[in-house]
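S.K.: Just so you know, the sequences run in chain order S and R. Numbering follows the UniProt record's numbering, with no gaps: position 81 of the first sequence is 81. Numbering follows the UniProt record's numbering, with no gaps: position 165 of the second sequence is 165. Heads up, the beta-carbon is just placed ideally off N, CA and C, and yes, glycines get one too.
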Amino acid sequence: MSRIIMGIESSCDETGVGLVRLAANGTVELLADEVASSVDQHARFGGVVPEVASRAHLEAMVPTVRRAFATAGLSMSAVDAVAVTAGPGLAGALLVGVSAAKAYAAALDVPLYGVNHLAGHIAVDTLQHGPLPEPCLALLVSGGHTQLLRVDDIAGKITEIGSTVDDAAGEAYDKVARLLDLPYPGGPPIDKAAREGDPNAIAFPRGMTGPRDAKFDFSFSGLKTAVARWVEAAQARGEEVPVPDVAASFQEAVADVLTAKAVRAATESGIGTLVISGGVAANSRLSGLAADRCAEAGIELRVPRPRLCTDNGAMIAALGAHVVAAGCAPSPLHLSANPALPVSTVTVS
Amino acid sequence: MLVLAIDTATPAVTAGVVAVEPERVEVLAERVTLDARAHGELLTPHVLEAVGGAGAALTGLGAIVCGVGPGPYTGLRAGMVTAAALGDGLGIPVYPVCSLDAIAAGVTVDEPFLVVTDARRREVYWAAYAADGTRTDGPHVSVPAELDSPLRAVAGHGARQHAAVLGRRLLDHDHPTPHGLATAARDAVLSGAEPEPLTPLYLRRPDAAEPGARKRVTVS
Numbered sequence: 001m002s003r004i005i006m007g008i009e010s011s012c013d014e015t016g017v018g019l020v021r022l023a024a025n026g027t028v029e030l031l032a033d034e035v036a037s038s039v040d041q042h043a044r045f046g047g048v049v050p051e052v053a054s055r056a057h058l059e060a061m062v063p064t065v066r067r068a069f070a071t072a073g074l075s076m077s078a079v080d081a082v083a084v085t086a087g088p089g090l091a092g093a094l095l096v097g098v099s100a101a102k103a104y105a106a107a108l109d110v111p112l113y114g115v116n117h118l119a120g121h122i123a124v125d126t127l128q129h130g131p132l133p134e135p136c137l138a139l140l141v142s143g144g145h146t147q148l149l150r151v152d153d154i155a156g157k158i159t160e161i162g163s164t165v166d167d168a169a170g171e172a173y174d175k176v177a178r179l180l181d182l183p184y185p186g187g188p189p190i191d192k193a194a195r196e197g198d199p200n201a202i203a204f205p206r207g208m209t210g211p212r213d214a215k216f217d218f219s220f221s222g223l224k225t226a227v228a229r230w231v232e233a234a235q236a237r238g239e240e241v242p243v244p245d246v247a248a249s250f251q252e253a254v255a256d257v258l259t260a261k262a263v264r265a266a267t268e269s270g271i272g273t274l275v276i277s278g279g280v281a282a283n284s285r286l287s288g289l290a291a292d293r294c295a296e297a298g299i300e301l302r303v304p305r306p307r308l309c310t311d312n313g314a315m316i317a318a319l320g321a322h323v324v325a326a327g328c329a330p331s332p333l334h335l336s337a338n339p340a341l342p343v344s345t346v347t348v349s
Numbered sequence: 001m002l003v004l005a006i007d008t009a010t011p012a013v014t015a016g017v018v019a020v021e022p023e024r025v026e027v028l029a030e031r032v033t034l035d036a037r038a039h040g041e042l043l044t045p046h047v048l049e050a051v052g053g054a055g056a057a058l059t060g061l062g063a064i065v066c067g068v069g070p071g072p073y074t075g076l077r078a079g080m081v082t083a084a085a086l087g088d089g090l091g092i093p094v095y096p097v098c099s100l101d102a103i104a105a106g107v108t109v110d111e112p113f114l115v116v117t118d119a120r121r122r123e124v125y126w127a128a129y130a131a132d133g134t135r136t137d138g139p140h141v142s143v144p145a146e147l148d149s150p151l152r153a154v155a156g157h158g159a160r161q162h163a164a165v166l167g168r169r170l171l172d173h174d175h176p177t178p179h180g181l182a183t184a185a186r187d188a189v190l191s192g193a194e195p196e197p198l199t200p201l202y203l204r205r206p207d208a209a210e211p212g213a214r215k216r217v218t219v220s
C-alpha cells in the first residue's frame, strides 16, 4: 500500500508545498513541488526581511497547496500524512507553515509530523538518487546554514560535526556581491562573474584552517572582511576593481574550505558518501571541486539538482515519508515552531 | 448552519462553534485562552475541543468566520492561515470579519462608542461605531493620546490598558467572542455569497529600511 505525504516549508522566504508517494517498499517518488518565493521583495533590502517574508507566506500558503494538488492530479483526500518544517528558521515565517499544516492535518484527519528543516535538505536527495547509504556525511550550505552533519538514520539520528562560527556561506556570497555591486542574492552573479576570472589571482584567507582551530567548523566573516579590504585598497589606488578575479578568488576560498573539511571528515570517520545540499550547493565551483576531491578520496558524491537544493516543500514531504516509513510517532497538534530546533531533533514529539 | 468562529487579533486565542440562523446566533461551545504568545500553539487544539464540545465534527461545519484584525501580525497570521487552511481542507467558505466589528457586535449601549485594542509599540487600533454596532470610522492605528473622537464610551482591551490616557467610560467587552464574530458575519454567511478575500488588516507597513552606503572596513 502506498501513502501520500504532503510537505509544507516556510522557514525563510520560500513558501513550499510538496507531495510525494511513499511506496510499500520504502521508495519515495516526487509528485509535486510548488514554490512561491518572496525573494524579489527582499532584494532592495539586501537580505530577507522577516515581516515581509511572513506576510508573503500567509498570502501564498493556500494557493501553493492548491497548485501542488493540481500538479499531482490528486484530490486532497488522498493525503495520508502532513509534514511541516517546525524549525530552525525565522519564528514568524515558521509559524505560518506550522499553523497551516496543523489545520490541514485536522481537516483531513491525518497525522501531523513537525520535522527539521536541515534534515529535509538531506532527505531531498533520496528523491533523485534513491535511498541514502547510512551512515553518510552531509554538507549543508545555504544563506542561513553552513553545517557538516553525520547521518546514521535520516528519520532519527543526525549529529552535527561542525558548523559556521559566524556567517553562513551564502551570507558571505550576499555580502561580497554587494561589495562588487552585483545583485542580491549573491550566489548566482558571483558564480557567473567568477567564470571569467582567475581563482588564483588573489590569495584570500581560508578561515578556521589553523592548527588550533576546530577541525570541522567554518568561518566566513574574516574572508568577507579580507575581500572588502582588498577592494577598498584597489579603489584607493584609483584602480578599477577586477570583479571576475575577485569573484573567482573569493569563490575558490569558500569552495576550498568547505570541500577540504567535508572530505577530511568523511575520510577520518571512514564514511563513503557525501551529500551536499542547500542553496549554495548549486554553486558550480563548489560542486566541481567537491567532485574532484571526492573522486580522489574514493568518496561517492551526491548533489541534488539545484531546484531540490534550495528551500522547497518536496524536501519536507520526502523527510516526512522517511519518518512515516520508520514508524515514528506523530507530533501533537499543540506543536510549536522552534526557530532554534537542533538538528538532532528530526521529528518534534 | 454550524459555523466555526476564529480570532487571534488580540491576546485571546479564540475558537467557537456557533449555530447561525436568520433569527438566532447561539454559541454551542467555545475555547478561549488569554496568552498573546500561544496563538500558534493552541488554536488548532482549541478548534478541535470546541467542535467536540459542541457534539459536532469538523466535517459538519458549513462555514468558517475569521477575525482579520487589525492585530499584532504574528498572532493574527496564526489564526488567518488556520482558518484558510481549514476552509480549504474541508471545502467550506471562510468569511472575513474586522476583529473590532466582532467586539462591537457584543456591545449593547444606547450611544455611539469606540472599540480600542492594543497595537503594541505604545499604539492602539481603533474604530468608531453607531449605537447599533455599525462601524462609522476606522479602523485606524494611532498613539492613544492622539485618538481623535468625541465619543465617550469605549470597548476593547486596549481601552482598559490605556484607560489613563483615553479617559472614557469602559464597556465590558474586551475581546472578539465567537458570538460577536458570528453575529458580525451572519448576513454574509446566510447569504451563501462568495466570501470577500481573506485580507489581513495590518494597518502598518513592515519595518524595513533599505541599506545606505556600505560601511568601509579600512580607515581612509
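Ignore the nearest five residues each way along the sequence and tell me which others in residue 17/R's own chain have a CB closer than 8 angstroms to its CB.
M.R.: Same-chain partners within the cutoff: 2, 3, 4, 5, 27, 28, 29, 30, 50, 51, 53, 54, 56, 61 and 178.
S.K.: For residue 65/R versus residue 25/R, is the C-beta distance shorter than 8 angstroms?
M.R.: The answer is no: Cβ separation not under 8 angstroms.
S.K.: Answer with yes or no whether the minimum CB distance from residue 214/R to chain S is below 8 angstroms.
M.R.: Yes - at least one Cβ of chain S is within 8 angstroms of the one on residue 214/R.
S.K.: Are the C-beta of residue 243/R and some C-beta of chain S separated by less than 8 angstroms?
M.R.: The requested residue 243/R does not occur in the structure, where chain R is confined to residues 1 to 220.
S.K.: Kindly indicate the opening and closing residues of the beta strand (DSSP E) around residue 112/S.
M.R.: Start and end: 112-116.
S.K.: For the beta strand (DSSP E) containing residue 42/S, name the first residue and the last one.
M.R.: Residue 42/S -> not in any beta strand (DSSP E); alpha helix (DSSP H) instead, spanning 39-42.
S.K.: Per DSSP, what kind of secondary structure is residue 87/S in: helix, strand or coil?
M.R.: Strand at residue 87/S.
S.K.: How about residue 210/R: is its C-beta nearer than 8 angstroms to some C-beta of chain S?
M.R.: Judged by the 8 angstroms Cβ criterion, residue 210/R is in contact with chain S.
S.K.: Please go through the same chain and pick out, in chain order, the residues whose beta-carbon is closer than 8 angstroms to the beta-carbon of residue 118/S, but skip the five residues on each side of it.
M.R.: Excluding sequence neighbours, residue 118/S sits near 88, 140, 145, 147, 149, 158 and 343.
S.K.: Within 10 Å of its beta-carbon, does residue 32/S have 16 or more other beta-carbons around it, so buried, or fewer, so exposed?
M.R.: Buried, because 16 or more other Cβ atoms sit within 10 Å of the Cβ of residue 32/S.
S.K.: Check residue 61/R in the structure and name its three-state DSSP category.
M.R.: DSSP places residue 61/R in coil when its eight states are reduced to three.
S.K.: Name the residues in the stretch 230-248 of chain S whose C-beta lies less than 8 angstroms from a C-beta of chain R; which are they?
M.R.: Cβ contacts with chain R come from 232, 233 and 236.
S.K.: Consider the Cβ of residue 300/S: report whether some Cβ of chain R lies at a distance smaller than 8 angstroms.
M.R.: No, its Cβ sits nowhere closer than 8 angstroms to a Cβ of chain R.
S.K.: Among 258/S, 12/S and 62/S, which residue has its Cα nearest to the Cα of residue 39/S?
M.R.: Taking only the C-alpha atoms, the option nearest residue 39/S is 12/S.
S.K.: Which one of 101/R, 88/R and 168/R has the shortest CA to CA distance from residue 71/R?
M.R.: Considering only alpha carbons, the answer is 101/R.
S.K.: May I ask you to list the residues that DSSP assigns as paired with residue 227/R?
M.R.: Lying outside 1 to 220, the shown extent of chain R, residue 227/R is not represented and no answer is given.
S.K.: For residue 121/S and residue 154/S, I'd like the C-alpha separation in whole angstroms.
M.R.: Rounded to the nearest angstrom, the two C-alpha atoms are 11 angstroms apart.
S.K.: Whole angstroms are fine: how far does the CA of residue 166/R sit from the CA of residue 142/S?
M.R.: Taking the straight line from one Cα to the other gives about 49 angstroms.
S.K.: Put residue 110/R into one of helix, strand or coil per three-state DSSP.
M.R.: Here residue 110/R sits in coil by DSSP.
S.K.: Does the beta-carbon of residue 34/S, which I'm using as the reference point, lie nearer than 7 angstroms to any heavy atom of the ligand ATP?
M.R.: With respect to small molecules bound, the structure shown includes none, and the ligand ATP cannot be examined in it.
S.K.: Please tell me whether residue 119/R and residue 141/R are closer than 8 angstroms, where the distance is taken between their beta carbons.
M.R.: A contact, by the Cβ cut-off of 8 angstroms.
S.K.: Residue 315/S to residue 7/S, Cα distance in whole Å?
M.R.: Going from the Cα of residue 315/S to the Cα of residue 7/S covers about 7 angstroms.
S.K.: Answer yes or no: do residue 48/S and residue 42/S have a C-beta to C-beta separation smaller than 8 angstroms?
M.R.: The answer is yes: Cβ separation under 8 angstroms.
S.K.: Taking 8 angstroms as the threshold, find out whether the stretch 289-301 of chain S comes into contact with the stretch 174-186 of chain S through three or more Cβ pairs.
M.R.: The answer is no - the stretch 174-186 of chain S does not touch the stretch 289-301 of chain S, with fewer than three Cβ pairs under 8 angstroms.
S.K.: Rounded to the nearest angstrom, what separates residue 77/R and residue 346/S at their Cα positions?
M.R.: In a straight line, the C-alpha of residue 77/R is about 26 angstroms away from that of residue 346/S.
S.K.: Could you give the distance in angstroms between the alpha-carbon of residue 249/S and the alpha-carbon of residue 307/S?
M.R.: Those two C-alpha atoms are separated by around 26 angstroms.
S.K.: Identify every residue that forms a DSSP beta bridge with residue 6/S.
M.R.: Paired residue(s): 19/S and 82/S.
S.K.: Could you compute how far the alpha carbon of residue 190/R sits from the alpha carbon of residue 196/R?
M.R.: Residue 190/R and residue 196/R: Cα-Cα distance of roughly 14 angstroms.
S.K.: Against residue 77/R, what residues of chain S qualify as contacts under a CB-to-CB distance less than 9 angstroms, listed in chain order?
M.R.: Going along chain S in sequence order, the residues near residue 77/R (Cβ under 9 angstroms) are 54, 55, 57, 58, 92, 95, 96 and 99.
S.K.: Taking the alpha carbon of residue 4/S as the point to measure from, which residue in 16/S, 28/S and 15/S has its own alpha carbon closest?
M.R.: It is 28/S whose Cα lies nearest to the Cα of residue 4/S.
S.K.: Return no unless some Cβ of chain S is closer than 8 angstroms to the Cβ of residue 85/R.
M.R.: So, interface residue.
S.K.: Should residue 34/R be labelled buried (16 or more other beta-carbon atoms within 10 Å of its own) or exposed?
M.R.: Exposed, by the Cβ-count rule.
S.K.: Along chain S, in chain order, which residues have C-beta atoms closer than 9 angstroms to that of residue 58/R?
M.R.: Within chain S, the residues near residue 58/R are 106, 107 and 109.
S.K.: With 7 angstroms as the limit, tell me which residues of the stretch 324-343 of chain S have their beta carbon closer than that to any beta carbon of chain R; keep them in chain order.
M.R.: From the stretch 324-343 of chain S, only 333, 334, 336 and 337 have a Cβ closer than 7 angstroms to chain R.
S.K.: For residue 192/S, count the other beta carbons within 10 Å of its own beta carbon; 16 or more makes it buried, fewer makes it exposed. Which is it?
M.R.: Per the 10 Å Cβ criterion, exposed.
S.K.: Relative to the alpha-carbon of residue 60/S, which residue among 260/S, 90/S and 14/S has its alpha-carbon at the smallest distance?
M.R.: The shortest C-alpha separation from residue 60/S is found at 14/S.
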